[in-house]
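In our numbering, the protein residues as written are 5 to 192.
Here is the structure:
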């Protein structure tokens with residue numbers, strides 16, 4: 005048999021794929037909610053790409069909404085968008101925007117959220133730990149500011165700012181190092 009070719013779909017997964025068979029038991033409402041969540045994720049991905057392009061091109065945004073503030077602040081602080089921080093193949097992540105001022109010993113990480121759920125500063129703290137691990141910087145030797153920009157919702161305001169200390173970041177670094185050793189010892 006000559007099977008139909010769907011080369012445009014190679015490497016992709018359908019939201020209602022066979023490997024995610026639980027949808028068989030979904031109500032109509034749950035099916036539509038799943039589809040809406042997928043579309044929201046796609047919009048978020050496109051919005052992040054647009055923000056990164058605006059930051060790279062230093063194109064300030066008109067307006068005072070969370071997205072415009074995120075882009076304009078990143079430009080104003082001279083940040084770089086979409087930077088991967090890497091410790092090893094088990095521990096790495098991509099920041100939305102980051103800057104490290106070596107003269108001032110100041111790390112700034114900003115995150116753009118497009119969801120309506122509660123946000124967690126731990127994600128940005130993990131990025132700060134990855135930064136310190138990758139660049140061999142002691143968290144007590146620098147100052148940090150972490151920001152989350154998002155559409156205001158019932159959980160969080162538009163802007164959340166946190167200034168972590170070494171006591172916030174060092175335990176995360178320790179956990180990463182410990183788990184890396186554990187994985188290597190167990191040869192997993």
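Backbone N, C-alpha and C fix where the C-beta goes; we use that ideal spot for every residue, glycine too.
Cβ neighbour criterion (16 or more within 10 Å) applied to residue i
i	result
residue 53	exposed
residue 100	buried
residue 102	buried
residue 168	buried
residue 235	The structure shown does not extend to residue 235, since the chain is modelled only from 5 through 192, so no value can be given for it.
residue 44	exposed
residue 5	exposed
residue 192	exposed
residue 10	exposed
Nearest neighbour of residue i, chosen from the options [CA to CA]
i	options	result
residue 157	166, 117, 179	117
residue 171	62, 23, 129	129
residue 126	164, 66, 90	164
residue 110	76, 123, 148	148
residue 88	67, 131, 154	131
residue 46	19, 29, 124, 83	19
Cα-Cα separation between residue i and residue j, rounded to whole angstroms
i	j	result
residue 38	residue 137	37 Å
residue 142	residue 73	30 Å
residue 86	residue 145	25 Å
residue 71	residue 112	18 Å
residue 173	residue 140	13 Å
residue 122	residue 8	43 Å
residue 247	residue 183	Past the edges of the chain, shown from 5 to 192, lies residue 247, and the structure says nothing about it.
7 Å CB neighbourhood of residue i in its chain, flanking five on each side removed
i	result
residue 79	59, 62, 64
Chain-order list of residues whose beta-carbon lies under 6 Å from that of residue i (same chain, five-residue window excluded)
i	result
residue 95	180
residue 162	70, 156
Own chain, CB closer than 8 Å to residue i, minus 5 neighbours either side, in chain order
i	result
residue 76	64, 65
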